[in-house]
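Engineer: I have a structure I would like to understand better, so I am pasting it below and will then ask my questions one at a time.
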Amino acid sequence: MSAQPYHHRSVLVDAVVELLAVRPGGRYLDGTLGGGGHAAAILEASSPSGTVLGIDRDREAIDAATARNAPWGPRFEARHGRFGDLAQIAADRAPFDGILLDIGVSSPQLDRPERGFSLQADGPVDMRMDPSTGEPAAALLDRLDLNGLVRILREYGEEPRARRIARAILAGRPWTSTRALAETVAEASGYRHSRIHPATRTFQALRIAVNDELGELERALAAAPGLLAPGGRLAVITFHSLEDRLVKHRFRTLAGIGAPRDAYGHPVEAPAFRLVTRRGVAGRDADPDNPRA
């Protein structure tokens with residue numbers, strides 16, 4: 006474990022508290038705890054007796070969130086696990102008045118070279134959100150063939166130059182350096198005046214594959230509604246279009262949008278949920294001072 010401080014600034018904190026309609030005495034689940042910023046805001050807004058159960062697969066995040074929220078005493082509890090396993094991890098504390106999922110990589114994971122997520126700093130080609138389990142990105146690259154890597158880059162990175170990048174990556178195996186990998190991808194991609202680093206989409210794709218992020222999200226979205234109390238709310242923060250599409254589709258399904266209707270235009274089966282906001286909240290509008298919002 007790194008001795009560096011765990012600095013993570015949670016995004017959209019005020020919007021989360023508002024959209025979850027946090028109230029005194031409420032029971033809340035933060036399925037992606039991170040540094041505990043959202044949990045702290047929810048605990049504050051739900052005082053004097055509201056509770057938060059936080060889940061994270063990263064033990065460094067668990068430690069940081071536990072330290073940050075220690076003043077709340079037994080009102081806060083952190084558990085190690087994957088948010089895709091919400092149903093198993095949190096069932097004993099259900100039902101909840103609100104559930105939050107903040108999807109994607111955290112600032113400390115990006116900023117610490119030893120975690121293997123960084124494009125700029127040099128570190129091992131790891132990218133696991135839980136370094137204690139699973140296959141690091143270097144091992145994944147070692148066993149993939151060309152078609153398999155092209156599929157990952159296209160599906161998870163939406164990379165239009167996936168094949169030329171995949172060839173260069175496979176030719177450079179084995180990979181031990183994130184900086185070397187990023188430089189190889191940048192050179193192979195041919196991008197010269199890109200707004201983002203030329204390897205951004207490739208690193209995103211590998212990270213998603215290593216951590217099964219979209220599968221985890223699908224499982225969490227399937228489980229969360231069953232953990233909510235009547236009138237409870239589910240809020241999800243997404244950072245790229247793949248996550249966004251999954252969440253919007255699930256929310257529309259839960260709200261009965263597009264469901265069969267009778268001859269009078271009424272839903273055949275009344276939806277159990279309704280959308281609190283139709284368009285969601287844009288991070289840059291609601292949290293303009295946070296560069297990663």
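With my numbering applied, the sequence shown covers 6 to 298. Where a beta carbon is used, it is the ideal one built from N, C-alpha and C, also for glycine.
Taking only three categories from DSSP, how would you classify Ile201?
Structural biologist: Coil.
Engineer: Cα separation between Thr138 and Ala275?
Structural biologist: 42 Å
Engineer: Confirm, please, whether the CB-CB distance from Tyr161 to Ala214 is below 7 Å.
Structural biologist: yes
Engineer: For Gly41, tell me which candidate among Asp63, His245, Pro53 and Ala69 has the shortest Cα-Cα distance.
Structural biologist: Ala69
Engineer: Since Ile1 is in the beta strand (DSSP E), which residue starts that stretch and which ends it?
Structural biologist: The question about residue 1 has no answer here: the residues shown for the chain are numbered 6 through 298.
Engineer: Can you list, in chain order, the residues of its chain whose CB lies under 6 Å from that of Ala167, leaving out five sequence neighbours each side?
Structural biologist: For Ala167, where only same-chain residues beyond five positions count, the Cβ hits under 6 Å are Val155, Leu158 and Arg159.
Engineer: Can you tell which of Arg238, Val286 and Gly121 has the C-alpha that lies nearest to the C-alpha of Ile104?
Structural biologist: Arg238
Engineer: Roughly how many angstroms separate the alpha carbons of Leu1 and Asp19, rounded to a whole number?
Structural biologist: The question about residue 1 has no answer, for the chain in this structure spans 6 to 298.
Engineer: Using alpha carbons as the reference points, say which of Pro29, Ala99 and Ser54 lies closest to Asp2.
Structural biologist: Shown here, the chain extends from 6 to 298; a query on residue 2 therefore has no answer.
Engineer: Tell me where the alpha helix (DSSP H) around Val155 begins and ends.
Structural biologist: Leu151 to Gly162
Engineer: Assign Gly59 to one of three DSSP states: helix, strand, or coil.
Structural biologist: strand
Engineer: State yes or no: is the C-beta of Ala260 within less than 7 Å of the C-beta of Arg283?
Structural biologist: no
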